[in-house]
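Q: These protein sequences, in sequence, are chains A and G. Under numbering that gives the first Met the number 0, the first residue of the first sequence is numbered 0, with each subsequent residue one higher. Under numbering that gives the first Met the number 0, the first residue of the second sequence is numbered 0, with each subsequent residue one higher. Backbone N, C-alpha and C fix where the C-beta goes; we use that ideal spot for every residue, glycine too. Mind having a look at this structure? Questions to follow.
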Amino acid sequence: METTISSPPFSPELQNHLTGRLLLASEIPFSPAIISDQIKHGYVSVTSGVKCVNGQYNCVRCGNQNSALFYTFPCKICNQDCTYCRACIMMGRVSECAKLYGWIGPDLKFAVPDKVMSWDGTLTSGQQTASDCVVEAVKRKGELLVWAVCGAGKTEVLFAGIEAGLLAGKRICMATPRTDVVLELSPRLKRAFPAIEVSSLYGGSEERSKASPLTVSTTHQLFRFSEAFDVVIIDEVDAFPYSIDDSLHYAVNKSKKPSATTIYLTATPSKQMQRSYRSGKLQAVTIPARYHHKPIPVPEMKWSGNWQKQYLQKKIPPVIASWVSERLQQKIPLLLFFPSIQVMEQVIPLFQTLSPKLETVHSQHPERKERVQALRNGEVPGLLTTTILERGVTIERLDVAVIGAEHEVFSESALVQIAGRVGRSFTYPTGTITFFHYGKSKAMVEAIYHIQMMNKEAWKRGLLDG
Amino acid sequence: MARCLFCVEEMKVVLTWRSLLLKKEAMTICERCEGKLKKLAGETCSICSRELDKNYRIEDLCLDCVRWEKDKKWSGYLSINISLFHYNEFLKDMIAKYKYRGDYALAEAFVPFLKDKLKDMNFDLVTFIPLSNERLMERGFNQAQALTDLLGLNTVELLTRLHTEKQSKKSREERISLPQVFQVTKPDLLKQKSILIVDDIYTTGSTLRHAAKALKTAGATEVSSITLAR
Ligand SMILES: [Zn+2]
Ligand SMILES: [Zn+2]
Ligand SMILES: [Zn+2]
Ligand SMILES: [Zn+2]
């Protein structure tokens, strides 16, 4: 960093802390004297956290504009009626009198060595095509959708693009709605880019204060950033809560520089995203085949009769009972998806008459991970679960059934994700996925079509073993 | 459409004959959240509202209050404390969001419950436990004062803090032995008056007893208190 003699000194520590962020004073561990000095020299910007424009309040940090989520109170800090944002209050109160500080001084430059990547694995030809598109997108700027089937191996597809970005001095962020994914990705990226500082951000993480060339973050943590990143990669862009929370979209957009590249990564893009892709508005590349070159098992639909009524009469629909019994006999691990925790809790005693070792897993279970591990180890023959396990779970030889697949919680993308649990491993690339239903839903039909289309495209592109 | 002040779920606003006849306060939190607030019930200590356990009482007092009342330095200053709810995990979260995150709006969630209790209490003047200036500047409001403000009662700032040290770091003995925690600022206002103190949590009772002692010494005839949690 060069400074000319005439320009007043800036604090490199404060520069590092504030670059690309917008923070409350309480989030800046520097003395008020240093901060006000740097403001005076024009290195630090100051803005009100909550602004009122034409009678409408808006929160600069989270983008909230819903008047029901602002509240005005007699504030002792500014000694007047002061309006604050309730939507993002868990990150510390942003109000009319609470200022947000950002860095507008000299640019922070990261020291990047000539060689940044140590990953030397090989890509399948489907992955290679996508990887080339990612590299191009990083150089070109703009948006790219990487539509990769469950089990395609999408992380490796990013490495070449990340490498190109880092070498070009870009600041890159990989964001995901799920903390689990941050925890899983962060060590993989650290291994692939050992010479680069990788910071991981999630609720409760501690690497908060370091600016680094490569960041892995939950979408939620991006609320504290502003115009920070040259490249933002959003993994599982269709996952909860990003899929339904507009403020997270605001957070991601705010964290990007105006000229940034955005890469969306998913197996199940939203309808809207699929439409923009088909109409040519959104550039996309697909990876229709899994890394093991075998087609994705196509779900089979089976009518189970009125399952709710049968459960109330303390009976498991016979087709479902025999599906479970067969697998118990052959010692094939199984997952049964239910539409709600209530239904699942109601029926578990019935299923335990088939095997007393069957257990349940749901979002509020503290031992979620342990139970999944028990299934993997063969200590438990099967688990009853809800859509909570639709993503990220890999178990060898697994067979899956959805009970009440017509229920509205099973959207097309949920069903595709659930089907994506089957046949993931190299040694066992097949398996069965069955939708038990009491009347087919549109989502079921679309999910099956979705998987068939992907398999068809994979055949056409020669990505599957003959 | 109304939303729960705490969990932000949508609420159905139901006006029943019962709610109209009883003139019940309009609730600002949903039934689910209200259900997680556990009222203090059954036999309670006649001074501090603690639910009485057969191993921890002498007649109608809990052993803590027995200990306070035996001590000449403290006996008789606090006539009665009414607390609304158990300080359970849910209320802990709610109060933490209210005072540490600074979500002033949550005061509105507590007000209907306070109003309900205050109907049966007698007092001439209302005051609240003050914060140190340092805390007040950090939080922007005093969580006890916010309650009195929204209750719309005749409230007077009667007390100031003499110490700013964090109370939670001290043992019970240390807290009790502190000579003076509060100073009375407007002694002429409270002569011959019965005073109600509002605070958020009754933990050991020492804060409220310090306040009560200061107020009575300055001329108040009686001091009672009301808190959200116990
Ligand atoms: Zn906000
Ligand atoms: Zn203010
Ligand atoms: Zn609620
Ligand atoms: Zn007591």
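Applying a beta-carbon distance threshold of less than 7 angstroms, which residues of chain A neighbour residue 102/G?
A: Numbered from 1 along the second sequence, position 103 holds the residue referred to as residue 102/G. Under the 7 angstroms cutoff, chain A gives 85, 88.
Q: I'd like the span of the beta strand (DSSP E) that includes residue 173/A, first residue to last.
A: As a working mapping, residue 173/A is identified with position 174 in the first sequence. 171-175 is the span of the beta strand (DSSP E), which, as asked, contains residue 173/A.
Q: Can you say whether residue 425/A is buried or exposed, counting buried as having 16 or more other CB atoms within 10 angstroms of its CB?
A: Here residue 425/A is taken as the residue at index 426 of the first sequence, counted from 1. The residue in question, residue 425/A, is exposed, as its Cβ has fewer than 16 Cβ neighbours within 10 Å.
Q: Within 7 angstroms: the Cβ of residue 5/G and any heavy atom of ligand 3?
A: Taking the second sequence and counting its residues from 1, the one referred to as residue 5/G is at position 6. The answer is yes for residue 5/G.
Q: Within its chain, find whatever has a CB closer than 7 angstroms to the CB of residue 327/A; leave out the 5 residues flanking it on each side and keep chain order.
A: Counting from one through the first sequence, the residue named residue 327/A turns up at place 328. Taken in chain order, the residues that qualify are 353, 354, 380.
Q: Just the Cα atoms here: how many angstroms apart are residue 202/A and residue 217/A?
A: As a first step, residue 202/A is located in the first sequence; it is residue number 203 there, counting from the start. As a first step, residue 217/A is located in the first sequence; it is residue number 218 there, counting from the start. Between residue 202/A and residue 217/A, the C-alpha separation is close to 8 angstroms.
Q: Which residue wins for smallest C-alpha separation from residue 364/A, given the options 276/A, 251/A, 268/A, 382/A?
A: Residue numbering aside, residue 364/A sits at position 365 when the first sequence is read from its first letter. It is 382/A.
Q: For residue 160/G, collect the residues of the same chain with a Cβ closer than 6 angstroms to its Cβ; drop the 5 residues on either side in sequence, then sort them by chain order.
A: In the second sequence, the residue the question calls residue 160/G occupies position 161. Excluding sequence neighbours, residue 160/G sits near 129, 131.
Q: By Cβ distance, which residues of its chain are closer than 7 angstroms to residue 480/A, with the 5 residues on each side in sequence left out?
A: Outside the shown range of chain A (0 to 465) lies residue 480/A, about which nothing can therefore be said.
Q: Tell me, please, whether the CB atom of residue 140/G is closer than 8 angstroms to any CB atom in chain A?
A: Mapped onto the second sequence, residue 140/G falls at position 141. Yes, residue 140/G counts as interfacial toward chain A.
Q: Along the segment 76-95 of chain G, what residues have a CB closer than 8 angstroms to any CB found in chain B?
A: In the displayed structure, chain B is absent; the protein chains listed are A and G.
Q: If we ignore side chains and look at the alpha-carbon of each, how far apart do residue 221/G and residue 193/G end up?
A: Residue numbering aside, residue 221/G sits at position 222 when the second sequence is read from its first letter. Residue numbering aside, residue 193/G sits at position 194 when the second sequence is read from its first letter. Going from the Cα of residue 221/G to the Cα of residue 193/G covers about 5 angstroms.
Q: Under a three-way DSSP split, which group does residue 64/G fall into?
A: As a first step, residue 64/G must be located in the second sequence, where it is residue number 65. Residue state, collapsed to three classes: helix.
Q: Would residue 210/A and residue 107/A be called neighbours here (beta carbons separated by less than 8 angstroms)?
A: If you number the first sequence from 1, residue 210/A lands on position 211. If you number the first sequence from 1, residue 107/A lands on position 108. It is a contact, given that the beta carbons lie within the stated cut-off.
Q: Can you tell me where the alpha helix (DSSP H) with residue 306/A in it begins and where it stops?
A: Position 307 of the first sequence holds residue 306/A. 306-311 is the span of the alpha helix (DSSP H), which, as asked, contains residue 306/A.
Q: In angstroms with no decimal places, state the Cα-to-Cα distance between residue 433/A and residue 316/A.
A: Reading the first sequence from its first residue, position 434 is the one you call residue 433/A. Reading the first sequence from its first residue, position 317 is the one you call residue 316/A. When rounded, the distance between both Cα atoms is 14 angstroms.
Q: For the segment 119-140 of chain G, which residues have a CB atom closer than 7 angstroms to at least one CB atom of chain A, in sequence order?
A: Listed by position, the residues of the segment 119-140 of chain G near chain A (Cβ gap below 7 angstroms) are 135, 136, 139, 140.
Q: In terms of alpha-carbon separation, which member of 60/G, 48/G, 108/G, 100/G lies closest to residue 82/G?
A: In the second sequence, the residue the question calls residue 82/G occupies position 83. Nearest of 60/G, 48/G, 108/G, 100/G to residue 82/G, Cα basis: 48/G.
Q: Per the DSSP calculation, residue 300/A is bridged to which residue(s)?
A: Along the first sequence, read from residue 1 onward, the residue named residue 300/A stands at position 301. Residue 300/A is bridged to 434/A.
Q: Have a look at the DSSP bridge pairing and note the partners of residue 232/A.
A: On the first sequence, residue 232/A is found 233 positions in, with the first residue counted as 1. BP columns for residue 232/A point to 173/A, 262/A.
Q: If you count every other CB in all the chains shown that lies within 10 Å of the CB of residue 83/A, and 16 or more means buried, which is it?
A: Counting from 1 along the first sequence, the entry for residue 83/A is found at position 84. Burial call: buried.
Q: Quick check on residue 31/G - is its C-beta less than 8 angstroms from some C-beta in chain A?
A: Working through the second sequence from its first residue, we reach residue 31/G at position 32. False, the Cβ-Cβ gap to chain A never drops below 8 angstroms.
Q: Flag residue 2/G as yes if its beta-carbon sits less than 8 angstroms from any beta-carbon of chain A, otherwise no.
A: Numbered from 1 along the second sequence, position 3 holds the residue referred to as residue 2/G. With 8 angstroms as the cut-off, residue 2/G counts as an interface residue toward chain A.
Q: Please classify residue 271/A: is it buried, with 16 or more other beta-carbons within 10 angstroms of its beta-carbon, or exposed?
A: By one-based count along the first sequence, residue 271/A stands at place 272. Per the 10 Å Cβ criterion, exposed.
Q: By the three-class DSSP mapping on this structure, what secondary structure does residue 510/A have?
A: In the structure as shown, chain A starts at 0 and stops at 465, and residue 510/A therefore has no counterpart that could be examined.
Q: Kindly indicate which residue of 440/A, 390/A, 377/A, 140/A has the alpha-carbon position closest to the one of residue 407/A.
A: Locating residue 407/A in the first sequence gives position 408, counting from the first residue. Looking at the Cα atoms, 440/A is the closest of the given residues.
Q: Please report the distance separating the alpha-carbon of residue 126/G from that of residue 78/G.
A: The sequence position of residue 126/G within the second sequence is 127, counting from 1. The sequence position of residue 78/G within the second sequence is 79, counting from 1. Their backbone Cα atoms lie some 15 angstroms apart in a straight line.
Q: Heavy atom of ligand 2 less than 7 angstroms from the Cβ of residue 12/A, yes or no?
A: Locating residue 12/A in the first sequence gives position 13, counting from the first residue. Residue 12/A Cβ: outside cutoff for every heavy atom of ligand 2.
Q: With a threshold of 16 other CB atoms inside 10 Å of the CB of residue 7/G, please say whether the residue is buried or exposed.
A: One-based indexing of the second sequence puts residue 7/G at position 8. With fewer than 16 Cβ atoms within 10 Å of its Cβ, residue 7/G is classed as exposed.
Q: On the three-state DSSP scale, how would you describe residue 219/G?
A: Taking the first residue of the second sequence as position 1, residue 219/G is located at position 220. Coil at residue 219/G, not helix or strand.
Q: Could you spell out the range, first to last residue, of the beta strand (DSSP E) harbouring residue 81/G?
A: The residue you call residue 81/G lines up with position 82 of the second sequence. 79-84 is the extent of the beta strand (DSSP E) around residue 81/G.
Q: Taking 6 angstroms as the limit between beta carbons, can you name the residues of its chain near residue 318/A, skipping five residues before and five after?
A: By 1-based counting over the first sequence, the position of residue 318/A is 319. So the list reads 301, 303, once near-sequence residues are dropped.
Q: Pick out whichever of 238/A, 157/A, 102/A, 292/A has its Cα sitting closest to the Cα of residue 227/A.
A: Translated into positions along the first sequence, residue 227/A becomes position 228. Per the Cα distances, 102/A.
Q: Buried or exposed for residue 168/A, going by 16 or more other Cβ atoms inside 10 Å?
A: Within the first sequence, residue 168/A is the residue found at index 169, counting from 1. The residue is exposed, with fewer than 16 neighbouring Cβ atoms inside 10 Å.
Q: Applying a beta-carbon distance threshold of less than 7 angstroms, which residues of chain G neighbour residue 437/A?
A: Taking the first residue of the first sequence as position 1, residue 437/A is located at position 438. Under the 7 angstroms cutoff, chain G gives no residues; its nearest Cβ is about 29 angstroms from residue 437/A.
Q: Quick check: residue 412/A and residue 237/A, are their CB atoms within less than 8 angstroms of each other?
A: Stepping through the first sequence from its first residue, residue 412/A is reached at position 413. Stepping through the first sequence from its first residue, residue 237/A is reached at position 238. Cβ distance < 8 angstroms, so residue 412/A and residue 237/A count as in contact.
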